[in-house]
Amino acid sequence: MKFQSTRDAAAAKLSAAQVIKQGLAKDGGLFVPENIPTLTKADIEALCAMDYPARAATVLGKFLTDYTAEELLADCKAAYAPTSFVGGAAPLHKLNDTMHIMELWHGPTAAFKDMALQIMPRLLSRALVKTGEERTALILVATSGDTGKAALEGYKDIDRIKMMVFYPVDGVSTVQKLQMQTQTGSNVNVTAIKGNFDDAQTGVKKIFSDTDVAKELDKQGYFLSSANSINWGRLAPQIVYYVSAYCDLLSSGEIKYGDMINVTVPTGNFGNIFAAYLAKLMGLPIDRLVCASNKNNILTDFLKTGTYDRNRDFYLTMSPSMDILISSNLERLLYFVAGPEKTAEYMKSLAQTGAYTVDDDTRKAIANHFCGYFADEAATTATIRDTMDQYGYLIDTHTAVAVSAAAQYVNETGDKKPMVVASTASPYKFASDVYTSLYNEAPTSPLAALDELSEKTGVEITYPLRGIGERTVRFTNVVEAADMQNAMLAYLAE
Ligand SMILES: *Cc1c(COP(=O)(O)O)cnc(C)c1O
Numbered sequence: 000m001k002f003q004s005t006r007d008a009a010a011a012k013l014s015a016a017q018v019i020k021q022g023l024a025k026d027g028g029l030f031v032p033e034n035i036p037t038l039t040k041a042d043i044e045a046l047c048a049m050d051y052p053a054r055a056a057t058v059l060g061k062f063l064t065d066y067t068a069e070e071l072l073a074d075c076k077a078a079y080a081p082t083s084f085v086g087g088a089a090p091l092h093k094l095n096d097t098m099h100i101m102e103l104w105h106g107p108t109a110a111f112k113d114m115a116l117q118i119m120p121r122l123l124s125r126a127l128v129k130t131g132e133e134r135t136a137l138i139l140v141a142t143s144g145d146t147g148k149a150a151l152e153g154y155k156d157i158d159r160i161k162m163m164v165f166y167p168v169d170g171v172s173t174v175q176k177l178q179m180q181t182q183t184g185s186n187v188n189v190t191a192i193k194g195n196f197d198d199a200q201t202g203v204k205k206i207f208s209d210t211d212v213a214k215e216l217d218k219q220g221y222f223l224s225s226a227n228s229i230n231w232g233r234l235a236p237q238i239v240y241y242v243s244a245y246c247d248l249l250s251s252g253e254i255k256y257g258d259m260i261n262v263t264v265p266t267g268n269f270g271n272i273f274a275a276y277l278a279k280l281m282g283l284p285i286d287r288l289v290c291a292s293n294k295n296n297i298l299t300d301f302l303k304t305g306t307y308d309r310n311r312d313f314y315l316t317m318s319p320s321m322d323i324l325i326s327s328n329l330e331r332l333l334y335f336v337a338g339p340e341k342t343a344e345y346m347k348s349l350a351q352t353g354a355y356t357v358d359d360d361t362r363k364a365i366a367n368h369f370c371g372y373f374a375d376e377a378a379t380t381a382t383i384r385d386t387m388d389q390y391g392y393l394i395d396t397h398t399a400v401a402v403s404a405a406a407q408y409v410n411e412t413g414d415k416k417p418m419v420v421a422s423t424a425s426p427y428k429f430a431s432d433v434y435t436s437l438y439n440e441a442p443t444s445p446l447a448a449l450d451e452l453s454e455k456t457g458v459e460i461t462y463p464l465r466g467i468g469e470r471t472v473r474f475t476n477v478v479e480a481a482d483m484q485n486a487m488l489a490y491l492a493e
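For the sequence shown, counting from 1, position 417 maps to 416 in numbering that gives the first Met the number 0; every step adds exactly one.
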């Protein structure tokens with residue numbers, strides 16, 4: 000299996016190991032598989048008998064053909080070990096007759112990004128060997144909270160990789176800061192910067208584009224790499240849990256083989272829902288893909304009108320991981336429905352004017368699979384409360400956006416097919432907003448919110464967040480944004 004750019008079908012095609020190492024195509028496009036492997040009935044039946052790591056290795060093996068089955072199984076067993084995913088990798092919780100919540104947050108940082116970031120570093124580590132790379136990869140990340148922690152947990156103690164995370168000193172939540180400051184691992188560093196997230200991101204980009212830095216790092220035996228969500232190594236592992244959910248519904252007798260299901264995904268960068276689309280293209284019986292947005296409903300508008308326009312107000316919401324105006328992975332969908340030439344054209348228009356409009360055929364082709372709904376802040380709050388009142392089930396703010404969108408879809412269409420709703424974070428990761436939504440008053444403090452929410456609901460605090468206030472703080476360094484490069488070199492010299 001080879002991979003090509005979304006913007007140029009004629010450019011040289013690369014192996015999975017090469018694209019995982021490289022990240023982005025040279026022309027600025029994203030890597031996509033040159034063809035889609037199929038999932039047959041026999042495949043799915045075989046997968047049903049397997050545990051999650053074996054399912055993951057089997058599905059990944061269809062795309063990562065330059066990794067051996069043994070390598071993939073070993074990596075998936077390590078990534079999705081029961082000790083990391085206490086509570087299971089992607090268990091389903093039946094909410095009512097139609098809705099099944101797929102809990103993707105049982106990993107080490109209590110958010111769905113663990114599903115990809117626990118395996119991707121292992122794939123990268125092997126990619127270095129497979130591509131003959133002799134240097135150590137230095138992963139630089141600027142984070143507004145969630146990605147940094149998930150990346151740290153994924154990359155810690157991985158061979159031939161070092162990682163450094165920069166976060167804005169006053170720009171992350173109390174829980175997020177503690178999660179990062181108490182990070183373990185011999186190959187990681189966390190540094191706060193004076194400034195906001197944009198300053199951190201700009202600083203990282205500057206380091207990446209500085210050829211003198213690259214030369215200096217090369218001399219020391221390093222090269223820079225990113226843990227970016229558009230890397231194929233982060234996307235491929237997300238296909239697995241949709242397949243796994245279908246198997247679980249078969250095994251529990253909820254469906255028979257061939258029965259169609261629908262899927263709702265709380266969407267930001269369009270990575271998670273695109274993975275569901277790939278599962279569908281592979282032959283998994285998925286009918287509708289419901290794209291759920293918060294108040295930043297640029298995707299809802301796009302799916303309705305065919306116009307993507309980021310020239311609009313940006314809102315900070317209580318589902319911050321979906322506060323996004325550029326959904327990078329949408330480019331991959333455009334490639335599949337409109338081809339590389341039109342995709343390149345649309346992306347050029349997006350870069351130049353902040354907007355593009357797809358042609359009618361493309362809009363219809365997308366509407367064959369996708370529809371979009373959104374939940375504003377009031378709807379999110381109401382959904383958290385209703386879900387608790389009706390079903391005694393505690394959900395986080397991002398999941399609430401999805402549950403609201405799924406309910407809107409069912410109400411509007413009357414479609415009663417089983418609906419798998421992706422739940423992307425533990426309610427305890429956003430305990431303060433969840434608490435306020437449920438009880439209409441603020442908790443004593445953001446940190447106290449965890450215990451107070453648990454006491455009131457009787458739901459146990461998610462494993463990795465327990466006792467977070469008592470852990471040893473390891474990283475307290477704060478630097479000026481202008482000193483990020485020096486901080487990086489100082490870390491390497493340690
Ligand atoms: C990243 C994230 C999302 C959005 O996922 P995309 O793949 O970017 O669409 C949704 N919810 C949570 C909790 C996240 O961390």
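Glycine included, each C-beta is placed from N, C-alpha and C at the ideal position. Owing to the predicted nature of the structure, the values given are computational and were not obtained by experimental measurement.
Runs of the beta strand (DSSP E) spanning 3 or more residues and lying entirely within the region 171-195 occur at 187-193, in chain order. At a cut-off of 4 residues, the continuous stretches assigned as alpha helix (DSSP H) that sit fully inside the region 25-80 are 40-47, 51-62, 68-78. Check the Cα spacing between Ala78 and each of Asp65, Tyr51, Thr97, His92: the tightest is with Tyr51. Taken through DSSP and simplified to helix, strand or coil, Arg311 comes out as coil.
Within the same chain, and ignoring the five residues on either side of Asp395 in sequence, the residues whose Cβ sits closer than 7 angstroms to its Cβ are Ala424, Ser425, Pro426, Lys428, Phe429, Val433. By the criterion of a C-beta distance shorter than 8 angstroms, Asn186 is surrounded in its chain by Tyr154, Lys155, Asp156, Ile157, Ile160, Lys161, Met162, once the five residues flanking it on both sides are discounted. Glu132 and Gln21 have their alpha carbons spaced roughly 12 angstroms apart. Judged by DSSP secondary structure, Phe429 falls outside any alpha helix (DSSP H); it is assigned neither H nor E. Excluding sequence positions up to five before and after Leu122, its CB lies within less than 6 angstroms of the CB of Ile19, Gly232, all in the same chain and listed in chain order. If you check the CB distance, Ala244 and Val419 come in under 8 angstroms. Note on the region 229-312: whole beta strand (DSSP E) runs with a minimum of 3 residues are 260-265, 285-292, 306-308, in chain order. Glu459: not part of any beta strand (DSSP E); DSSP gives it neither H nor E. For a cut-off of 8 angstroms, the C-beta gap from Ala374 to Ala404 is around 6 angstroms, short enough to register as a contact. Taken through DSSP and simplified to helix, strand or coil, Ala421 comes out as strand.
Within the model, the alpha-carbon separation for Tyr438 versus Ala377 is close to 14 angstroms.
With a cutoff of 8 angstroms on beta-carbon distance, Gln200 and Ala150 are scored as not near each other.
For Gln3, the three-state secondary structure derived from DSSP is strand. For Lys25, the closest alpha carbon among the candidates Ile192, Ala15, Ser4 is that of Ser4. Listed in chain order, the non-local C-beta contacts of Val203 below 8 angstroms within the same chain comprise Leu139, Val140, Ala141, Phe165, Met483, local neighbours out to five positions each way being set aside. Burial state of Arg311 is exposed, judged by a 10 Å Cβ sphere holding fewer than 16 other Cβ atoms. Ile272 sits away from Lys279, with the two beta carbons spaced by 8 angstroms or more. For Tyr334, the enclosing alpha helix (DSSP H) starts and ends at 329-352. Of the candidates Phe62, Ala9, Ala10, Leu23, the residue whose Cα lies closest to the Cα of Pro32 is Phe62. Burial is judged here by how many other beta carbons sit within 10 angstroms of a residue's own beta carbon; Gln178 has at least 16 and is buried. Taken through DSSP and simplified to helix, strand or coil, Gly371 comes out as strand.
Taking a C-beta distance under 8 angstroms as the contact criterion, Ser83 and Gly106 qualify as a contact pair.
For Val357, the secondary structure class from DSSP, reduced to helix, strand or coil, is coil.
Short note on Thr423: C-beta closer than 7 angstroms to some heavy atom of ligand 1. Per the coordinates, the alpha-carbon of Leu127 lies some 22 angstroms from the alpha-carbon of Ile206.
From the listed residues Ala109, Ile238, Cys246, Lys363, the smallest Cα separation to Ala337 is found for Lys363.
Within the chosen limit of 7 angstroms, ligand 1 reaches the beta carbon of Ala110 through at least one heavy atom. By the Cβ criterion, the region 405-415 is in contact with the region 83-102, since at least three pairs of Cβ atoms, one from each stretch, lie closer than 8 angstroms. Residue state for Lys155 is assigned as coil, using DSSP reduced to three classes.
In the structure shown, the three-state DSSP call for Glu493 is coil. Within a 10 Å sphere around the beta-carbon of Arg470 sit fewer than 16 other beta-carbons, which makes this residue exposed. Taking 8 angstroms as the cut-off, the Cβ atoms of Gly270 and Asn195 do not count as close.
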